[in-house]
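These notes concern the structure reproduced below.
Numbering (the numbering used here), first residue to last: 7 to 541.
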């Protein structure tokens with residue numbers, strides 16, 4: 007008997023599974039708020055040099071604020087005030103002839119900056135003057151966070167395969183909440199950067215553990231529905247971030263606000279079951295029987311599980327006595343090929359998706375509105391995924407999302423920057439296609455990797471995905487060399503991923519592989535459908 011057969015008998019999508027999905031939804035709702043938080047806390051408001059130092063002995067007299075700025079700060083070609091320079095001394099003649107300021111001597115800001123607080127009451131930039139020469143540190147905030155996410159994915163992927171899904175999920179909840187709350191009260195940028203690294207390191211486990219836990223508890227028919235529900239949590243969180251940020255304009259309290267759901271997650275954790283599939287594979291049949299009994303009782307199928315003793319669970323799947331590590335991803339040829347392909351796709355789809363998500367200020371619309379629209383477009387995109395995963399399968403859905411998402415990025419290269427509405431519409435379309443591909447690859451990988459390596463596999467892929475995200479802010483900085491270079495780079499990686507995705511096997515309607523032998527087709531008990539899937 008396969009585990010899927012037993013799961014079907016006790017109802018693979020009953021009240022028990024719905025409870026798990028609802029609990030997971032709360033934690034996953036918080037994740038995009040942190041992943042996209044730098045769009046708001048690291049925003050750079052309009053600013054200019056503080057000119058109070060030029061008003062020696064009150065020489066400005068009765069000049070208005072506009073007149074003081076005119077004689078103190080040069081104007082740029084578009085008529086706006088320079089952000090990083092000021093005149094070495096007041097140029098009173100500009101009051102009568104402001105067009106002759108181009109050749110006047112200027113210096114860098116001597117007394118700090120004055121910020122426009124109409125949009126944000128406080129950001130990292132205004133807190134620690136991360137502007138002009140220190141402007142790159144704002145981009146570094148996102149990079150540092152995602153480097154933490156990257157290493158956290160590897161760490162928690164291995165730990166949850168070794169110690170179980172449930173205990174490591176609690177570790178993620180508690181440590182993530184602690185580091186995030188502490189970062190909100192940082193006294194220096196260095197302290198904040200270090201705490202953001204560890205915040206990313208710890209909360210990433212919520213994604214990879216809940217994704218695997220949900221897939222391992224539902225039957226084959228409902229995996230795609232679970233995939234869509236999980237991804238909907240991201241869409242809801244992304245839209246909610248814009249609303250929360252609109253109401254909370256201070257970066258410290260915004261960080262606290264988006265972290266607070268973790269307190270509820272910690273309480274709900276007590277109702278989260280361990281994966282019976284993982285328990286059986288690791289020889290813990292008595293504990294597996296306990297959770298299967300809970301599932302059967304809640305789903306009103308207790309008569310099924312009462313006839314099965316926990317010793318009989320050993321025959322459901324091949325139990326391997328040795329521990330597995332990330333090295334097992336590359337020890338055998340088909341696992342090595344699978345790891346190479348899925349890792350490439352994760353890196354590319356994450357890079358392209360966040361290339362749009364982390365660049366919302368570049369399209370000329372209101373920051374909050376753009377963030378809300380980006381989140382809203384994910385809902386129809388992911389609803390369509392529910393239909394496409396069953397109609398055309400995982401491989402075609404993934405390939406199509408990446409291909410047409412890359413084409414959207416390509417189109418935006420040729421749209422003039424002053425046509426901000428057209429650029430935004432195309433970017434939103436591309437965002438919808440790419441987030442659909444991102445949602446698909448998460449389910450796809452959960453079905454491709456065997457149970458003994460599923461969490462390691464998702465941890466490895468998440469590592470490469472977050473590596474791509476960590477590099478995205480640096481890719482966006484390439485516009486200082488050539489304005490089209492970031493878009494060309496993002497377009498290229500999306501198209502590359504579509505080619506790689508086409509090489510993966512289809513998993514629609516297949517049983518989940520349990521061991522490495524199921525992938526390599528060397529076990530005598532390997533199911534025929536698995537053999538066909540990985541041929």
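Yeah, the Cβ is synthetic: ideal placement off N, Cα and C, and Gly gets one too.
{"Check": "For residue 376, is the classification buried or exposed, using 16 other Cβ atoms within 10 angstroms of its Cβ as the cut-off for buried?", "Outcome": "buried"}
{"Check": "Are the beta-carbon atoms of residue 419 and residue 497 separated by less than 9 Å?", "Outcome": "yes"}
{"Check": "Note down, one range per segment and in chain order, each alpha helix (DSSP H) of at least 4 residues found wholly within the segment 91-143.", "Outcome": "130-134"}
{"Check": "Helix or strand or just coil, what does DSSP make of residue 502?", "Outcome": "helix"}
{"Check": "Please report how far the alpha carbon of residue 20 lies from the alpha carbon of residue 304, in whole angstroms.", "Outcome": "8 Å"}
{"Check": "Are the beta-carbon atoms belonging to residue 148 and residue 214 less than 9 Å from one another?", "Outcome": "no"}
{"Check": "Would you identify the three-state DSSP class for residue 327, choosing helix, strand or coil?", "Outcome": "Low local confidence applies: a pLDDT of 47 at residue 327 is under 50, so the model's placement there is unreliable, with the coordinate-based value given in what follows. In the structure shown, residue 327 sits in coil (DSSP, three-state: anything other than H, G, I, E or B)."}
{"Check": "Near residue 599, what residues of its chain come up, given a Cβ to Cβ distance below 6 Å and the 5 sequence neighbours on each side ignored?", "Outcome": "Missing from the structure shown is residue 599; the chain here goes from 7 to 541 and no further."}
{"Check": "Rounded to whole angstroms, what's the CA-CA distance from residue 270 to residue 374? Just pull it up for me.", "Outcome": "26 Å"}
{"Check": "Determine the closest residue to residue 360 out of 122, 332, 479 and 71, with distance taken between C-alpha atoms.", "Outcome": "479"}
{"Check": "Looking at C-alpha atoms only, which residue of 176, 186, 251 and 280 is the closest neighbour of residue 219?", "Outcome": "280"}
{"Check": "Look at the Cβ atom of residue 131, then the Cβ atom of residue 50, and state whether they are nearer than 9 Å.", "Outcome": "yes"}
{"Check": "So within the segment 453-500, which uninterrupted alpha helix (DSSP H) runs reach at least 4 residues, ignoring any that extend past its ends?", "Outcome": "460-482"}
{"Check": "Count the other CB atoms, across all protein chains shown, that sit within 10 Å of the CB of residue 327; report buried if there are 16 or more and exposed otherwise.", "Outcome": "Residue placement at residue 327 is poorly supported in this model, since its pLDDT is 47, which falls under 50; the coordinates still yield a value, given next. When all chains shown are included, residue 327 counts as exposed."}
{"Check": "My parser needs the alpha helix (DSSP H) runs of 4 or more residues fully inside the segment 396-446; what are they?", "Outcome": "400-420"}
{"Check": "Could you tell me if residue 68 is buried or exposed, where buried requires 16 or more neighbouring beta carbons within 10 angstroms of its beta carbon?", "Outcome": "exposed"}
{"Check": "Check each candidate in 309, 94 and 39 and name the one with the smallest Cα separation from residue 543.", "Outcome": "Beyond the ends of the chain as shown, which are 7 and 541, falls residue 543; an answer cannot be given."}
{"Check": "Can you check which of these residues, 457, 424 and 441, is closest to residue 233 by C-alpha distance?", "Outcome": "441"}
{"Check": "Which residues in the same chain have their Cβ closer than 8 Å to the Cβ of residue 250, if we skip the five residues on either side of it in sequence?", "Outcome": "39, 260, 263 and 264"}
{"Check": "Just curious, the beta strand (DSSP E) that residue 6 is in, first and last residue?", "Outcome": "There is no way to answer for residue 6, as the model of the chain reaches only from 7 to 541."}
{"Check": "Within this structure, are the beta carbons of residue 258 and residue 190 separated by less than 9 Å?", "Outcome": "yes"}
{"Check": "Measuring only the C-alpha atoms, how far is residue 324 from residue 457?", "Outcome": "Confidence at residue 324 is low in this model, with a pLDDT of 43, below 50, so the placement of that residue should be treated as unreliable; the coordinate-derived value is given next. Approximately 11 Å between the Cα atoms of the pair."}
{"Check": "Indicate the three-state DSSP secondary structure (helix, strand or coil) for residue 225 in the structure shown.", "Outcome": "coil"}
{"Check": "Would residue 28 be called buried (16 or more neighbouring beta carbons within 10 Å of its own) or exposed?", "Outcome": "exposed"}
{"Check": "With a threshold of 7 Å on Cβ separation, who are the neighbours of residue 298 within its own chain once the five nearest residues in sequence on each side are excluded?", "Outcome": "16, 282 and 311"}
{"Check": "In terms of alpha-carbon separation, which member of 315, 513, 32 and 182 lies closest to residue 12?", "Outcome": "315"}
{"Check": "In this structure, how does DSSP classify residue 293 when only helix, strand and coil are distinguished?", "Outcome": "helix"}
{"Check": "Is the beta carbon of residue 120 closer than 9 Å to that of residue 53?", "Outcome": "yes"}
{"Check": "Out of 364, 253, 333 and 177, point me to the one whose CA is closest to residue 275's CA.", "Outcome": "177"}
{"Check": "Could you tell me whether the Cβ atoms of residue 267 and residue 416 are closer together than 9 Å?", "Outcome": "no"}
{"Check": "Is it true that the segment 148-157 meets the segment 200-214, where meeting means three or more beta-carbon pairs spaced less than 8 Å apart?", "Outcome": "yes"}
{"Check": "Considering only residues of the same chain and omitting the five flanking positions on each side of residue 98, which have a CB-CB separation below 8 Å?", "Outcome": "77"}
{"Check": "What residues are listed by DSSP as bridge partners for residue 544?", "Outcome": "Outside the displayed span of the chain (7 to 541) sits residue 544, for which this structure offers no information."}
{"Check": "Count the C-beta pairs between the segment 426-446 and the segment 390-407 that are closer than 8 Å, then say yes if the count reaches three, no if not.", "Outcome": "yes"}
{"Check": "Can you tell me whether residue 295 is buried or exposed? The criterion is at least 16 other CB atoms within 10 Å of its CB, across all chains shown.", "Outcome": "buried"}
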